[in-house]
Amino acid sequence: HQLSQFQWWALGIATAGYALQFFISGWKWQCALRLLGRELPLLFLVRLYCIGHFVGQFLPSALGGDAYRIFRTVTLVQPRSRAISAVVVDRVTGFAVLLLLGAAGALTIGRESVIAQSYLLLVGFGTVAAGLVLLLMHSGHLHWLAARLMPFKWFQTLREDYRQLEMARGRWLPL
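Heads up, the sequence shown is in my numbering, so the first residue is 219 and it goes up one at a time.
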């Protein structure tokens, strides 16, 4: 009896939306690679994203899927660090959008919910802290730290990738 009342059109929309998110995620990953000066075909990235999503379902976190995406692209882009940085940029921007959507929701119920007010306060402080760190990095005030880390190859690579992202300027908009 309940099956006859099931809204099949809603299942169709939900399934289409779920499939569409793989294409959007692949496109977002492609945009992150582009910011780093690398280009890979969209359908290839969508396929890898789907496989990575599948792999991530069997591990305790989504990091397994990210590791798979890096593993499959690390030999296709030079320097190899760009494959890692692209996935990190993809994840960080996704997390930032999630926080923003949460903030929009919290704003609508803020006066009625202590949890929503606390969330907004945390997001506000986190945004200010991240902004200050970026400002200090950009203005050179953390040069002393960079000088101490410069002997390490991993830091040099990280710094090169950061500079590439910094040069992207307005190309961040699609993300």
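For each residue, glycine too, the CB sits at the ideal point set by N, CA and C.
If I follow the unbroken alpha helix (DSSP H) through His359, where does it start and stop? As a working mapping, residue 359 is identified with position 141 in the sequence shown. That residue, His359, is in no alpha helix (DSSP H); it is neither H nor E in DSSP.
DSSP state of Tyr280, grouped into three classes? Taking the sequence shown and counting its residues from 1, one reaches residue 280 at position 62. Just to set this straight, residue 280 is Ala in the shown sequence, not Tyr. Correct three-state label for Ala280: coil.
Assuming Tyr337 contacts Ala324 (C-beta within less than 8 Å), just tell me the rounded distance between them. As a position in the sequence shown, residue 337 is number 119, starting the count at 1. As a position in the sequence shown, residue 324 is number 106, starting the count at 1. Right, the Cβ-Cβ distance comes to about 5 Å (below 8 Å), so this counts as a contact.
Which residue marks the beginning of the alpha helix (DSSP H) containing Thr375, and which one marks its end? The residue labelled residue 375 in the question sits at position 157 within the sequence shown. First-last of the alpha helix (DSSP H) with Thr375: Lys371 to Met385.
DSSP on Val306, reduced to helix/strand/coil? Against the sequence shown, residue 306 aligns to sequence position 88. Look at Val306 here: in three-state DSSP terms it is helix.
Whole angstroms are fine: how far does the CA of Gly388 sit from the CA of Arg256? The residue labelled residue 256 in the question sits at position 38 within the sequence shown. The residue labelled residue 388 in the question sits at position 170 within the sequence shown. One alpha carbon belongs to Arg256, the other to Gly388, and they sit about 17 Å apart.
According to DSSP, simplified to helix, strand and coil, what is Phe224? The count along the sequence shown starts at 1 and reaches residue 224 at position 6. Assignment of Phe224 by DSSP, reduced to helix, strand and coil, places it in the coil class.
Starting from Gly274, trace the alpha helix (DSSP H) in both directions and tell me its first and last residue. Here the question's residue 274 lines up with position 56 in the sequence shown. Where Gly274 is concerned, the enclosing alpha helix (DSSP H) stretches over Leu260 to Gly274.
Same chain only: Cβ atoms within 6 Å of Leu360, ignoring 5 sequence neighbours per side: What you label residue 360 is simply residue 142 of the sequence shown in a count that begins at 1. Cβ within range, chain order: Leu354.
Tell me the DSSP secondary structure of Gln296 in three-state form. For this step, residue 296 is matched to residue 78 along the sequence shown. In the structure shown, the three-state DSSP call for Gln296 is coil.
What's the C-alpha gap between Arg329 and Trp247? Locating residue 329 in the sequence shown gives position 111, where the first residue counts as 1. Locating residue 247 in the sequence shown gives position 29, where the first residue counts as 1. For the pair Arg329 and Trp247, the Cα-to-Cα distance works out to about 37 Å.
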